[in-house]
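Working notes, structure below.
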Ligand SMILES: *Cc1c(COP(=O)(O)O)cnc(C)c1O
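In the working numbering, the protein residues as written are 5 to 500.
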């Protein structure tokens, strides 16, 4: 299986090259030129596997130039005791016909651990396969969770350095503390005055800056990305869609071949795209419900075919979805228009120039035919959903998951569809305690750690150890920079 760029379909690279480079030189995203196909009996067999075995089986097909031994070792290491649940990703029924796929039992309490515990293992191996002896410098733009998960994954990984940029004031306090207290000799963190899109654009600009690349090359450094534009981020995420389906089989909720819907809280479109790749490689998935917060650019797109980022940017209680430019949508468009790179390039140019493009009625119909639907809700509705799920069902979910639960409710109210649905639960409620306590009818005043303790008592769930430990950690990175200075700061740090 080879990969091409969404802006040049004739380009062919291996999975190792795609992972090492992150983003293609033409600004496109590496996308599989053809997809593997799982047989029903292979999927059925997954219901008798543990998480690590499912991940190894799925990754072997999406990362063909890694050996089975490599993948076996990486998976054992990545999904080990740093997860606080033996199932790694427990699948719990929280309502008749609806399950929560809990992806927040890892070291940073959010789903990005699934990708970012793997990528730091895939990347140095990719460098070796490609014959590169350069230091790989990872640049990350984060809306909160990617930054910490990447720092945690790459800290002190030999041959790598990592620099994270987050929007100043745009993350939860827990997310910020997690990042600025990060240990490791190869890590760096900056707050940037601006929003997530500004930081993401800043990082993309450094990537496509030929002069910067030449200067770094002389110093023996190459840049790569840990954002979800990197194939090494997406591939590990495909595995948990297979796992969720296999768990429903195991629980007797479905029979092999039955269709399942997924409701996915969406920001950069990476998570839901992984679900689509699972579907296209044989997993019986019907609807992919794209759940958004007030930054509902994707809801509008899926309803009208018009992607329009010319709108107010909202800071919400689900900050990891406060995104107006969903990078991975480019991969979906490329797949939907059968790899027509000219079209994709044209839309992306319009987005850059005018902040807007319209894919037209035919592609819009294809989006529907492929099962994509968009719903959104604001913070108030999210809180009401968390409230009802907690008091009505005894299940506590975080704000991002709350958006996806609400989107599912809207979808069911609209269609009456009784297909089993898995809500992809992306963060621990403890990560967003200040936003969630009021939804539990606790108007609690106190600092963030007192809020964690209150939530522990009322919910009956233990505070995740990595969050509890933050209280005693010293901040190491407290600089706030302008977005225009990102390039200079990176080059200065890499020259050290
Ligand atoms: C990153 C993130 C999302 C959005 O995922 P995308 O892959 O960017 O669509 C949703 N919820 C949480 C908690 C996240 O950290």
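The beta carbon of each residue, even a glycine, is placed where N, CA and C say it ideally should be.
All of these numbers come straight from a predicted model, not from anything done at the bench.
Reduced DSSP secondary structure (H/G/I, E/B, other) of residue i
i, result
"residue 246", "helix"
"residue 312", "strand"
"residue 363", "coil"
"residue 99", "strand"
"residue 299", "coil"
"residue 212", "coil"
"residue 282", "helix"
"residue 435", "helix"
"residue 39", "coil"
"residue 219", "helix"
"residue 185", "coil"
"residue 82", "helix"
"residue 317", "coil"
"residue 327", "coil"
"residue 467", "coil"
"residue 293", "strand"
N-terminal and C-terminal residue of the alpha helix (DSSP H) that residue i is part of
i, result
"residue 407", "403-419"
"residue 149", "149-158"
"residue 395", "383-397"
"residue 130", "123-133"
"residue 339", "333-340"
"residue 19", "19-25"
"residue 350", "345-358"
"residue 36", "Per DSSP, residue 36 belongs to no alpha helix (DSSP H); it is in the beta strand (DSSP E), 34-36."
"residue 10", "Where residue 10 is concerned, there is no enclosing alpha helix (DSSP H), given that its DSSP letter is neither H nor E."
"residue 64", "55-66"
"residue 108", "Segment: none, residue 108 is in no alpha helix (DSSP H) and carries neither H nor E."
"residue 494", "490-499"
Start and end residues, beta strand (DSSP E) containing residue i
i, result
"residue 451", "Per DSSP, residue 451 belongs to no beta strand (DSSP E) and is neither H nor E."
"residue 117", "Careful: residue 117 lies outside any beta strand (DSSP E), inside the alpha helix (DSSP H) at 116-120."
"residue 380", "376-380"
"residue 226", "225-229"
"residue 265", "264-269"
"residue 257", "Per DSSP, residue 257 belongs to no beta strand (DSSP E) and is neither H nor E."
"residue 486", "484-486"
"residue 170", "164-171"
"residue 4", "Summary: the structure shown does not reach residue 4, with the chain confined to residues 5 through 500, and so no result is reported for it."
"residue 1", "Because the chain in this structure spans residues 5 to 500, residue 1 falls outside the shown range and cannot be described."
"residue 194", "191-197"
Chain-order list of residues whose beta-carbon lies under 7 Å from that of residue i (same chain, five-residue window excluded)
i, result
"residue 172", "195, 196, 197, 484"
"residue 92", "55, 83, 109"
"residue 20", "69, 130, 133, 134"
"residue 494", "143, 167, 210"
"residue 462", "444, 446"
Beta-carbon gap between residue i and residue j smaller than 8 Å
i, j, result
"residue 496", "residue 403", "no"
"residue 243", "residue 411", "no"
"residue 276", "residue 264", "no"
"residue 35", "residue 335", "yes"
"residue 184", "residue 479", "yes"
"residue 123", "residue 192", "no"
"residue 10", "residue 39", "no"
"residue 266", "residue 426", "yes"
"residue 208", "residue 153", "no"
"residue 139", "residue 31", "no"
"residue 127", "residue 28", "no"
"residue 367", "residue 340", "yes"
"residue 439", "residue 456", "no"
"residue 175", "residue 148", "yes"
"residue 375", "residue 292", "yes"
"residue 51", "residue 254", "yes"
Sequence-distant residues of its chain with Cβ nearer than 6 Å to residue i (five each side left out)
i, result
"residue 389", "406, 409, 410"
"residue 252", "258"
"residue 417", "none"
"residue 361", "311, 351, 354, 355"
"residue 201", "328, 329"
"residue 359", "313, 314"
"residue 120", "153, 154, 157"
"residue 188", "159, 160"
Other residues of its chain near residue i: CB distance less than 8 Å, five sequence neighbours each side excluded
i, result
"residue 5", "19, 36, 37, 38, 39, 40, 65, 66, 68"
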